[in-house]
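S.K.:
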Amino acid sequence: MGIEQIIKEKVIEAVSQLYGFEPKAEMIQLQSTRKEFEGDITVVVFPFLRASHKGPEQTASQLGDYLTEHIQEIQKYNVVKGFLNLVIDGSYWVGVLNHAAVNPSFGFKSVTADSKLVMIEYSSPNTNKPLHLGHIRNNLLGFSLAEIMKANGYRVVKTNIVNDRGIHICKSMYAWLKWGEGKTPESTGTKGDHLIGDFYVRFDKEYKKEVAELIAGGMSKEEAEANSPSMQAAHELLRKWEDRDPDTIALWKKLNSWVYKGFDETYKMLGVSFDKIYYESDTYLVGKDEVTRGLEEGLFYRREDGSVWADLTKDGLDEKLLLRSDGTSVYMTQDIGTAKLRFKDYSIDKMIYVVGNEQIYHFQVLALLLDRLGFKWGKDLYHFSYGMVELPNGKMKSREGTVVDADDLVDEMVTVARQTSQELGKLDGYSPEEAKKTYQTIALGALKYFILKVDPKKTMMFNPQESIDFNGNTGPFIQYSYARIRSLLRKADSDGIAIPQESPAITPNAKEIELLKLINRFPEIVGEAADIYSPALVANYCYDLVKEFNQFYHDFSILGETDPDIRAFRLVLCRVLGEVINRGMGLLGITVPERM
RNA sequence: GGUCCGGUAGCUCAGCUGGAUAGAGCAACAGCCUUCUAAGCUGUGGGUCGCGGGUUCGAAUCCCGCCCGGAUCACCA
351 MGIEQIIKEK VIEAVSQLYG FEPKAEMIQL QSTRKEFEGD ITVVVFPFLR ASHKGPEQTA
411 SQLGDYLTEH IQEIQKYNVV KGFLNLVIDG SYWVGVLNHA AVNPSFGFKS VTADSKLVMI
471 EYSSPNTNKP LHLGHIRNNL LGFSLAEIMK ANGYRVVKTN IVNDRGIHIC KSMYAWLKWG
531 EGKTPESTGT KGDHLIGDFY VRFDKEYKKE VAELIAGGMS KEEAEANSPS MQAAHELLRK
591 WEDRDPDTIA LWKKLNSWVY KGFDETYKML GVSFDKIYYE SDTYLVGKDE VTRGLEEGLF
651 YRREDGSVWA DLTKDGLDEK LLLRSDGTSV YMTQDIGTAK LRFKDYSIDK MIYVVGNEQI
711 YHFQVLALLL DRLGFKWGKD LYHFSYGMVE LPNGKMKSRE GTVVDADDLV DEMVTVARQT
771 SQELGKLDGY SPEEAKKTYQ TIALGALKYF ILKVDPKKTM MFNPQESIDF NGNTGPFIQY
831 SYARIRSLLR KADSDGIAIP QESPAITPNA KEIELLKLIN RFPEIVGEAA DIYSPALVAN
891 YCYDLVKEFN QFYHDFSILG ETDPDIRAFR LVLCRVLGEV INRGMGLLGI TVPERM
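Residue numbering for the first sequence is 351 to 946, as defined by the working numbering.
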């Protein structure tokens with residue numbers, strides 16, 4: 351039992367005995383004592399004043415006397431206004447360290463066969479263009495969330511739904527046929543997703559030109575858009591695709607395969623992966639069947655023009671289109687189909703969709719529809735919505751062309767990491783392979799940490815210049831601190847200084863206790879991160895840990911410490927600290943290097 | 001207009017299940033490398049926590065109203 355729990359119980363006991371009133375558990379407020387006061391744990395006594403009929407100081411003193419007498423670990427106490435600051439005996443903190451030293455699992459729940467199964471959908475790209483900055487936030491959040499859920503004892507299936515069909519890919523197909531001159535990724539040396547993305551852009555350019563010409567010729571905007579030859583050709587391709595025209599299907603497969611190859615490279619670079627990939631071309635028909643079933647069961651209704659709708663006005667929402675009047679499916683239909691397939695493939699307890707917050711409404715509707723259709727997890731599917739990524743010079747909008755390409759960004763980060771590392775002389779004596787691995791690790795660490803440290807639900811500002819800054823609250827700062835810890839442990843080893851499994855009994859100083867308090871909170875932080883779906887919590891925790899460690903590192907000698915017991919304690923502390931940082935950063939998908 | 005989210009230092013962000021004097025980083029200035037890695041550490045300056053009310057011993061945090069910014073309410077995905 352942790353000391354906090356013991357204190358809580360004893361406070362209840364004390365208040366009951368002293369004042370004849372049994373306080374409720376939520377009245378016991380414990381907090382970490384602020385640094386400017388002496389003590390480790392603080393009890394807030396204001397809630398008990400009504401029972402004690404005494405002033406805050408006197409009440410705190412009486413409680414302090416009682417707790418000091420009844421809890422062995424409490425050495426002494428002091429009172430500041432209504433705050434009872436308890437000083438915990440140093441031996442308790444050494445115990446905390448030793449517990450962590452011999453339990454590398456940090457008390458996390460292990461995953462067993464009857465653990466709850468969580469499916470996390472993330473990434474969800476379109477096959478008509480490469481991944482961009484928004485996808486990076488998505489991928490990093492999804493991957494990290496999966497790691498955090500696993501650490502909390504959930505079975506996790508990471509899934510990706512690839513939006514591989516529809517008018518968007520037909521636009522690229524048409525542009526490639528018309529202006530492609532048979533170009534391939536191999537013939538051009540271009541990544542497949544970029545090649546196809548370029549044709550999508552080309553389509554848009556030509557389309558806009560055609561529309562402008564038609565408007566100049568006297569058409570209205572709507573007429574011009576409908577009559578654009580390029581758009582008509584793209585729609586014709588879509589129709590042929592839906593009719594399973596062999597040539598069209600073959601073309602579609604060829605172009606998509608190029609894109610997938612490109613995506614795989616990007617995913618690999620980002621270090622994200624999936625357990626199961628779904629394709630909308632496989633699920634949209636299932637969705638249609640489900641909607642048809644819903645129609646037959648009277649859950650939905652058909653309008654005169656043949657379109658199918660769900661009436662959600664009773665749930666405070668609008669009416670929602672499920673099938674177009676021509677019988678084709680819409681986005682919602684596809685998501686229903688995908689859900690159906692997933693439910694068939696896995697016994698999902700909890701479904702999490704990592705999708706941008708511009709789709710909040712969509713997922714509200716989806717939850718209601720799935721519930722209506724009888725999916726047991728429909729109503730409490732969780733839409734893990736995250737905010738947009740903005741750029742200093744405006745919004746991040748693909749339609750307006752102001753996007754940061756994911757591959758370009760990673761390349762840029764790697765280049766700067768290499769240059770900076772070289773300037774600082776960090777790569778001296780490295781083989782080219784080691785050097786490359788190191789600066790890539792640093793570049794990815796910088797990018798991932800920069801994005802994950804921000805509360806997911808907030809719109810965030812991505813400043814390319816600042817993101818490559820390796821000082822301060824950044825990934826490289828944490829990686830660097832880890833490398834120093836590892837270096838220290840290596841040096842101890844080469845100096846013939848043994849690092850024991852457990853620390854001997856000593857009295858830690860204030861800085862050391864601060865570090866131990868933080869280490870002690872690790873499982874709690876990770877649990878909370880899973881509860882509120884926030885990798886940012888873990889990121890900022892890692893930073894706190896490292897910041898505290900760096901101060902300690904500068905204030906105290908470790909290997910130069912003459913008292914062998916204190917030295918042994920500090921080495922165990924460093925070892926455990928390294929393990930926590932490694933594990934914590936691992937939950938963010940960030941690798942920490944042995945040296946940098 | 002309805003719904004949802006945000007507004008904390010010049011900038012980027014923590015803190016939000018109510019607690020002590022609101023914290024980091026960047027940027028500016030001043031120190032610290034013959035000593036475990038200076039991508040570091042220390043110090044200085046910098047705040048009407050959007051505004052107004054309310055609840056409370058106590059509000060950046062909870063409630064109500066308002067202001068500002070964003071998202072969404074498509075036979076787009």
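We put the beta carbon where it would ideally sit given N, CA and C, even for glycine. Keep in mind it's a predicted model, so treat the numbers as computed, not measured.
1. Excluding the 5 residues flanking Gly352 on each side, which residues of the same chain have their C-beta closer than 7 Å to its C-beta?
2. Grab me the residues of Lys358's own chain with a C-beta within less than 8 Å of its C-beta, minus the 5 sequence neighbours each way, in chain order.
3. Are the beta-carbon atoms belonging to Leu723 and Leu662 less than 8 Å from one another?
4. In the DSSP assignment, find the unbroken beta strand (DSSP E) run with Arg836 in it and report its ends.
5. With DSSP as the reference, please indicate the residues paired to His733 in a beta bridge.
6. Apart from the five residues just before and just after Glu750, which ones in its own chain have a Cβ nearer than 7 Å to its Cβ?
7. With three or more C-beta pairs closer than 8 Å as the rule, is the region 436–443 touching the region 419–428?
8. Pull the bridge partners of Ala584 from the DSSP assignment, please.
9. Nearest to Leu491 by alpha carbon, out of Asn890, Thr912, Arg920 and Ala886?
10. With Thr538 as the anchor, note down where its alpha helix (DSSP H) starts and where it stops.
11. Please identify the residue among Arg768, Gly822 and Pro806 whose C-alpha is closest to the C-alpha of Thr788.
12. Let me confirm a value: Tyr711 is counted as buried when at least 16 other C-beta atoms fall within 10 Å, else exposed. Which label applies?
13. Within a Cβ cutoff of 6 Å, which residues of the same chain sit near Pro742, ignoring the five residues on either side of it in sequence?
14. Compute the Euclidean distance between the alpha carbons of Lys555 and Asn577, then round it to the nearest angstrom.
15. On the DSSP bridge list, what partners appear for Ala626?
16. Pick from Gln772, Leu797, Thr791 and Leu938: whose alpha carbon is nearest that of Asp758?
17. Give the range of the beta strand (DSSP E) segment to which Ser382 is assigned.
18. Exposed or buried, which one is Val622 when buried takes at least 16 other CB atoms within 10 Å?
19. With a threshold of 6 Å on Cβ separation, who are the neighbours of Glu363 within its own chain once the five nearest residues in sequence on each side are excluded?
20. Would you mind stating whether Ile627 and Thr509 have Cβ atoms separated by less than 8 Å?
21. Measure the CB-CB distance between Ser837 and Phe919 and report whether it falls below 8 Å.
22. Considering Cα atoms alone, identify which of Lys638, Gly644 and Glu669 is closest to Gly685.
23. Whole angstroms are fine: how far does the CA of Tyr832 sit from the CA of Glu471?
24. Using 8 Å for Cβ pairs, my map puts Leu601 next to Met499. What's the rounded Cβ distance?
25. Only counting the same chain, and skipping five residues up and downstream in sequence, which positions put a Cβ closer than 6 Å to that of Pro983?
26. Where does the unbroken alpha helix (DSSP H) through Glu783 begin, and where does it stop?
27. Across which residues does DSSP place Val739 in a beta bridge pair?
28. So, for Glu372: in the same chain, excluding its five sequence neighbours on each side, which residues have a beta-carbon less than 8 Å away from its beta-carbon?
29. Throw me the rounded Cβ distance for the Ile828 and Cys924 pair, which I believe falls under 8 Å.
30. Just the Cα atoms here: how many angstroms apart are Pro826 and Val429?
31. Hey, could you find the ends of the alpha helix (DSSP H) Val896 is sitting in?
32. Measuring CA to CA, which of Leu909, Ala880 and Phe902 is closest to Ile847?
33. State the DSSP-derived secondary structure class of Trp659, mapped to helix, strand or coil.
34. For the alpha helix (DSSP H) that Phe613 lies in, which residues bound it at each end?
35. Would you call the region 691–704 in contact with the region 639–648, where contact means no fewer than 3 C-beta pairs closer than 8 Å?
36. Report all residues from its chain with a CB closer than 8 Å to the CB of Leu691; omit the five preceding and five following residues, and keep chain order.
M.R.: Let me lay it out:
1. none
2. Ala375, Ile378 and Leu380
3. no
4. Taken as a continuous stretch (DSSP letters only), Arg836 belongs to no beta strand (DSSP E), being part of the alpha helix (DSSP H) at Gly825 to Ser844.
5. Tyr703
6. Unreliable placement is indicated for Glu750, whose pLDDT of 47 sits below 50; the coordinate value is still reported in the next sentence. Within the same chain, Glu750 has no close Cβ partners at all.
7. yes
8. Paired residues: none, contrary to the question.
9. Ala886
10. Pro535 to Thr538
11. Arg768
12. exposed
13. Asn813
14. 16 Å
15. Residue identity check: residue 626 is Lys in the sequence provided, not Ala. DSSP, once it has assigned bridges, lists Thr509 as partnering Lys626.
16. Leu797
17. Gln379 to Ser382
18. buried
19. none
20. yes
21. no
22. Note that residue 685 corresponds to Asp in the displayed sequence, not to Gly. When only C-alpha atoms are compared, the closest one is Lys638.
23. 32 Å
24. Not confirmed; about 40 Å, so no contact.
25. No answer is possible for residue 983: the residues shown for the chain start at 351 and end at 946.
26. Pro782 to Leu802
27. Met810
28. Ile362, Val365 and Ser366
29. With 8 Å as the limit, Ile828 and Cys924 do not qualify as a contact, their Cβ atoms being about 15 Å apart.
30. 41 Å
31. Pro885 to Asp905
32. Leu909
33. strand
34. Pro596 to Leu620
35. no
36. Tyr628, Asp632, Thr633 and Val636
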